[in-house]
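Here's the structure, in structure tokens; my notes come after.
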Amino acid sequence: MRLPSLLKEVWKNLFEKPATVKYPHEKLGVPESYRGKHLLARSRCTGCGLCGEVCPASAITMEQLGNGIFPVIDLSKCIFCYQCGDACPRGAIIRGREVELASWSKEDLILK
Ligand code: SF4
Ligand code: SF4
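Heads up: the sequence shown begins at 1350 in the working numbering, then just goes up one per residue.
Now the structure itself:
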């Protein structure tokens, strides 16, 4: 960019609203179809284990929880491809829109 056009750009931006927001005080939200933290509908799950079979990151293990075997997702390994949700024949893994997953504890990233 040459200097005159650069100055023009600077001048224009002095009077426009900022393109950024003051996160975390302001949030933009995410689109409807965003692949955030999963929602597990355990009541629909049959424990077939297909979600774990297709997971490319080996982030899903099947564990005994209560009276059945259900998927447990390690979000620290997950790449949020949602192949698990696409493969689930029962629609038991639903796209969530929660994106703020930073934590000091790995336990917080285990989704049951
Ligand atoms: S979103 Fe992808 S990486 Fe994450 S648990 Fe599902 S299949 Fe595995
Ligand atoms: S694929 Fe669906 S029904 Fe099968 S274990 Fe995973 S969540 Fe449950």
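C-beta: ideal position from N, C-alpha, C; glycine also.
Quiz item: Leaving out the 5 sequence neighbours to the left and right, which residues in its chain are closer than 7 Å to Cys1400 when beta-carbon positions are compared?
Solution: Ile1409, Pro1420, Cys1433, Ala1436, Cys1437, Ile1442
Practice problem: On the DSSP bridge assignment, give the partners of Val1312 in chain order. | Solution: As displayed, the chain neither begins before 1350 nor continues past 1461, which places residue 1312 out of reach and without an answer.
Quiz item: Would you say His1387 touches ligand 1, meaning its beta carbon is less than 8 Å from a heavy atom?
Solution: yes
Quiz item: Is Gln1413 near ligand 1, going by C-beta to nearest heavy atom under 8 Å?
Solution: Flag unset: Cβ of Gln1413 not near ligand 1.
Quiz item: If we count Cβ pairs, one from each stretch, closer than 8 Å, do we get three or more for the region 1353-1372 versus the region 1389-1404?
Solution: No, they do not touch.
Quiz item: What residues match up with Asp1423 in a beta bridge as DSSP calls it?
Solution: Ile1459
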